[in-house]
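> Those letters in the sequence shown? Residues -22 to -1, 1 to 945, by mature numbering (1 follows the signal peptide of the UniProt record, and there is no 0).
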Amino acid sequence: YSYSLVPFVLVRLMLLLRFCNSFNLDTEQRVVFSGPPGSYFGYSVEFFTNASSFSVLVGAPKANTSQPHVTEGGAVFMCPWSKSNCTIISFDKHGDRYFHIDEELTQVEFKSHQWFGATLRSQGNNILACAPRYYWRTEQDIPFADVTGTCYLSVDSLRSFVEYAPCRTERHGPAGQGYCQGGFSADFTKNGRIVLGGPGSFYWQGQLISATTEEIVKAYYPSYFLLFVNGQKQTGQVQSSYDDSYLVLRNVFQMGSYFGYAVAVTDINSDGLDDVVVGAPLFMCRGANGQLEELGKVYVYLQKGPLHLEPSRTNPVGSQAFSRFGTSLAPLGDLNQDGFNDLAIGCPFGGEDQQGLVFIYNGHEEGLEDTPTQTLSGQWASRAFPAGFGFSLRSNKDVDQNGYPDLLVGAFGADKAVLYRARPIVNTNTTLIVHPTMFNPEEKACVLTSGDKSVPVSCVSISFCLLANGKHLPSRLGFVVEIQLDNVKLNQKESTRRTLFLDSKQSSLMKNFSLETNGDSVCHESKIYLLNEADFRDKLSPIYISLNFSLDPHAPVDEHGLTPILSHHAHTLVQQQAHIQLDCGEDNICVPDLKLAVYGDKTIVYLGDENSLTLIFNAVNEGEGGAYEAELYVLLPPDADYSGIARNNDTLTQLTCSYEAQNDTRYLLCDLGNPMKSGSNIWAGLRFTIPRLKDTYKVVQFELQIRSKNVNNSESEVVVYEVEVAALADVLLQGVTRPDKVLFPPPSWRMSQGLREEQDVGPELQHVFELVNNGPSVISLSSLEVRCPLRAQGHGLLYPVELATEGPLTCSSQHTFNALKLKGATQLIPSTEHHVQRRDVHPLVEHGNLTCSTVECWKLQCAVGKLGRGDSVILTIRSRLWAETFVEVRSMGLKIKYIVVAVVLWNKPDSIYFVPVWIIILSVLVGLLLLSLLIYLLYKMGFFKRSDPYGTTMEKAHLKPQASSEA
């Protein structure tokens, strides 16, 4: 292990820890010890007993002392636990030693940077402190020195100091004990022997060396440089295959778990056998992202027999990467007084600010608890170097003599050490009695006074007693006791609250009590009053009377200023129950028999429609007792909505219903009575709409059930009412022709010898068809077939030119439109008129009553897409009448009339022959000649010279009135 620590990259992620109610170590009254800056004060910590008083020992391996010419030789500080001032223990007052070698004064030992105090242990009044990086020079010409390490032992309560350097021998160099680093680890056994670890002996095979304190003191001579201790025991060198064991292990530490870096022995499961706990601060496991994370782990091995260790089921794992969880371990003893020893685990580079953490784990029959009961956090955030709070731990000592073990934590990066003391534990015994345990609403045995009024009410009595004791407690303790009524709610609705009062006229009562800790108990009596029994619904569930107590935060502290805490075994919450007397016989148990029948006014609902539905139900209770808080539960399908209560029938009961929703579940609750008495027969109706049907449904179902709060027979059978889902659509097919009448032959039409343009064929017709869905359902995958006459008796009737569609319509035909590739006079524009007059859709040929079976027709097949309610598709066909062919057909005596498309009217004269021009001219001239002759004859006969029978105007003026009147 390298003592020159390097900063680590820490991940600032803390797992939320669950804490129990036992926080034994007092964090408010902690004692903080400080050392010289940069001295690594707190690298090692230890307790020490001197003259029946406890002190704290703190190692500072980089501290400077008064030793001459020694730089950062290291020191051990002694700190009285009740004070924060510390003083250096002078284990070694001398500087480096020099010997004459070949008549030249030569430095033979080097105490600078020796890390004295890196290892620190005590037992009784003896203290052992080691400097594992101490080295000395065996010969002048050797270019390097032997890092043998050395230790100093203090005996007789700091009155005597002796050096113990078992690796400083003539077996120097790497082959011997030259790289021993004796004191890298050290401890006292139970019988007082000292055991040192030297990992570098014999080509890094490692070595253990042990001797008693008496043997070490007896062999010590200050003037001797090489000392031999009689009775010393040590491991020897083995075969070369074990060479470099420590170095090989050291080189793989960043890949391995560093299993064994910290080891502790304690009886965790209280079976009388010591158990072993091993820290692995570099343990790695895969995190949530699947990648390896260095979290650290602590292994627990329970001793089932002599040296028979079995792994525990619980092995705590760190929660933060690179936090070095398991770097230090400290058996605490029975911290929480539950009969099992507890353990502190150091996590020196943990915490959100890398301040370091210490976790307290309680023991139990099977090992350690899954989660820590308390977490101690360092108060010094990381600077250029981590504070290292928790790097060193020592415990299982009672410095303040209050009967509970305390914990010492070192934070060498901040040059601090912290003492946490355990608080006294209070054991309690609490009783709560309710008498009688049944409220009888008919018996008003108590009187509740409110102002000037006295109200008789039903009541019960309650009484409770509290007793407290424990080790080293103050003579008196204060408690806060709270009594709560109905604090457990089965239903959080306002209507479920029972009107319950204590003597304080409230539903809760809080009192402060002070009692002696010598075993005496304190008791209190009160009454509970039940008011307005008819106003609340919940008459079945118990009335909970809860008593909760805690220590008064303002209660006196013990002689050392510590506030006691309640034992984790204390049941701070005590509950009893009371019930309400029901009309259910002597046993107060109602057993209803609930039955339900459902009828509906519809069995089929249609896609796309609103689909109003009324369900009539009949609820019956045929049991021995009433059904309390009885409700009709209706589970709604996702397509249905609740409309209200059916009110069109006076025989139906008018219910109170509420609509509820939980996540994706929607339901209806209707009150059927509290109680729904035996013999009840309820008829009522519920109205729904089902507007959101999908074509994937076959049925829609409602689930109905009567539910109550009774313990026995609380529900009826579930009744399922189903309605079938069907499709219904009113489809309208309409057609129109533009123009609706055609005069044939056209006045200016002449038979053409060749067809180049569309008008050479004949007059144009547009046939428009519209398919409308009047709903309510959507139609899809439907087809539209149009047949038009093409030929009759071998003669063409229509010449199809162009096709246009609107809406989801796709058409196909075996006949080619505008097969002759004629130039169009007009271009067909899709119709936007949706108001098409309805016409018959079949053509008719008169004189023989011909159909498409005798007249050759061309067929247009169209696939209609999805049409919702009110949607339509329009098909427009533009064609030309074969005018020349119609003349030929007319000469054959056939009259063809299109009732749907057009009415063909034959123009006069009927002759189909042309009149020569000269005949026309001659006829005109003859006509003019005859007209002139007729005019001449009339002139000769005086036709144009007839006189007025009444003469001139003047003559008229002289006519007699009678004559004038006659005129």
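Beta carbons: idealized from backbone N, C-alpha and C, even for Gly.
Using alpha carbons as the reference points, say which of Lys375, Tyr382, Asn314, Val377 lies closest to glutamine 352.
Ranking the options by Cα distance to glutamine 352, first place goes to Asn314.
> Whole beta strand (DSSP E) runs in the region 743 to 780 with 3 or more residues, listed along the chain?
Counting only runs of 3 or more, we get 760 to 770.
> Candidates Ala242, Leu270, Asp252: which alpha carbon is nearest glycine 234's?
Comparing Cα positions, the closest option is Leu270.
> Identify the residues that DSSP records as bridge partners of glutamine 379: which are they?
DSSP, once it has assigned bridges, lists no residue as partnering glutamine 379.
> Quick check for students: name the residue ranges of the beta strand (DSSP E) that lie wholly in the region 329 to 407, counting only runs of 3 or more.
Complete beta strand (DSSP E) runs here, min 3: 335 to 339, 352 to 355, 367 to 375, 384 to 389, 394 to 400.
> Classify cysteine 145: buried if its beta carbon has 16 or more other beta carbons within 10 angstroms, exposed otherwise.
By the 10 Å Cβ count, cysteine 145 comes out buried.
> Hey, out of Ser658, Gly657, Asn63, Glu702, whose CA is closest to threonine 674's CA?
Looking at the Cα atoms, Glu702 is the closest of the given residues.
> With a Cβ-Cβ cutoff of 8 Å, do glycine 388 and valine 23 count as a contact?
Yes, they are a contact pair.
> Following the continuous alpha helix (DSSP H) through arginine 181, name the residue where it begins and the one where it ends.
Sequence inspection shows tyrosine at residue 181; the arginine mentioned does not correspond to that position. Note, tyrosine 181: alpha helix (DSSP H), 179 to 182.
> Following the continuous beta strand (DSSP E) through threonine 244, name the residue where it begins and the one where it ends.
Its beta strand (DSSP E) spans residues 240 to 244.
> Just reading off the beta strand (DSSP E) that glutamate 271 is part of, what are its end residues?
Its beta strand (DSSP E) spans residues 270 to 272.
> Just tell me which of Ile246, Asp252, Leu585 has its CA closest to the CA of lysine 168.
Lysine 168 has its Cα closest to that of Asp252, out of Ile246, Asp252, Leu585.
> If you draw a straight line from the alpha carbon of histidine 72 to that of tyrosine 18, how long is it in whole angstroms?
Taking the straight line from one Cα to the other gives about 22 Å.
> Which class does aspartate 738 belong to by DSSP, given the choice of helix, strand or coil?
Here aspartate 738 sits in helix by DSSP.
> Give the range of the beta strand (DSSP E) segment to which alanine 107 is assigned.
Element bounds for alanine 107: 104 to 109.
> Do you know offhand how far lysine 394's Cα is from valine 10's?
Those two C-alpha atoms are separated by around 7 Å.
> Considering glutamate 193, what are the terminal residues of the alpha helix (DSSP H) in which it resides?
It spans 191 to 197 - the alpha helix (DSSP H) in which glutamate 193 sits, taken as one unbroken run.
> Whole angstroms is fine: what's the gap from asparagine 490's alpha carbon to leucine 551's?
For asparagine 490 and leucine 551, the distance between alpha carbons rounds to 16 Å.
> Whole-angstrom Cβ separation of serine 621 and arginine 665, contact assumed at under 8 Å?
Serine 621 to arginine 665, Cβ: 4 Å. Contact.
> Identify the continuous beta strand (DSSP E) that holds histidine 78 and give its terminal residues.
It spans 76 to 79 - the beta strand (DSSP E) in which histidine 78 sits, taken as one unbroken run.
> By DSSP's criteria, phenylalanine 26 is part of a beta bridge. Which residues make up the other side?
Answer by DSSP bridge pairing, in chain order: Ser33.
> Taking Cβ positions only, does cysteine 830 come closer than 8 Å to chain B?
Chain labels in this structure do not include chain B; a single protein chain is all it has.
> Please identify the residue among Ala299, His557, Leu733 whose C-alpha is closest to the C-alpha of glutamate 330.
Out of Ala299, His557, Leu733, Ala299 has the C-alpha closest to the C-alpha of glutamate 330.
> Check whether the region 394 to 405 touches the region 44 to 51, counting contact only when three or more Cβ pairs, one atom from each stretch, lie closer than 8 Å.
With the cut-off at 8 Å, the region 394 to 405 and the region 44 to 51 do not touch.
> Report the residue from His91, Asp165, Asp134 whose alpha carbon sits nearest the alpha carbon of leucine 98.
Nearest of His91, Asp165, Asp134 to leucine 98, Cα basis: Asp165.
> Would you call the CB atoms of histidine 502 and phenylalanine 417 closer than 8 Å?
No, the Cβ-Cβ distance between histidine 502 and phenylalanine 417 is not below 8 Å.
> So for glycine 905, helix, strand or coil by DSSP?
Looking at glycine 905 - three-state DSSP - the assignment turns out to be helix.
> If you draw a straight line from the alpha carbon of serine 519 to that of glutamate 700, how long is it in whole angstroms?
Serine 519 and glutamate 700: Cα-Cα distance of roughly 35 Å.
> Per DSSP, what kind of secondary structure is residue 975 in: helix, strand or coil?
What is shown of the chain runs -22 to 945, which leaves residue 975 out entirely.
> Under a three-way DSSP split, which group does tryptophan 896 fall into?
DSSP places tryptophan 896 in helix when its eight states are reduced to three.
> To the nearest angstrom, how far is the alpha carbon of glycine 774 from that of serine 850?
Using only the alpha carbons, I get a separation of about 33 Å.
> Using the beta-carbon count (16 or more within 10 Å), is glutamine 45 buried or exposed?
Classification of glutamine 45: buried, given that the 10 Å Cβ count is 16 or more.
> Let me check understanding here. Comparing Cα to Cα, which of Ala770, Ser492, Trp661 lies closest to alanine 624?
Residue Trp661 is the option with its Cα nearest to alanine 624.
> Give the DSSP bridge partners of leucine 321, in chain order.
BP columns for leucine 321 point to Pro309, Tyr339.
> Is it true that the CB of serine 436 sits closer than 8 Å to the CB of proline 414?
No. Outside cutoff.
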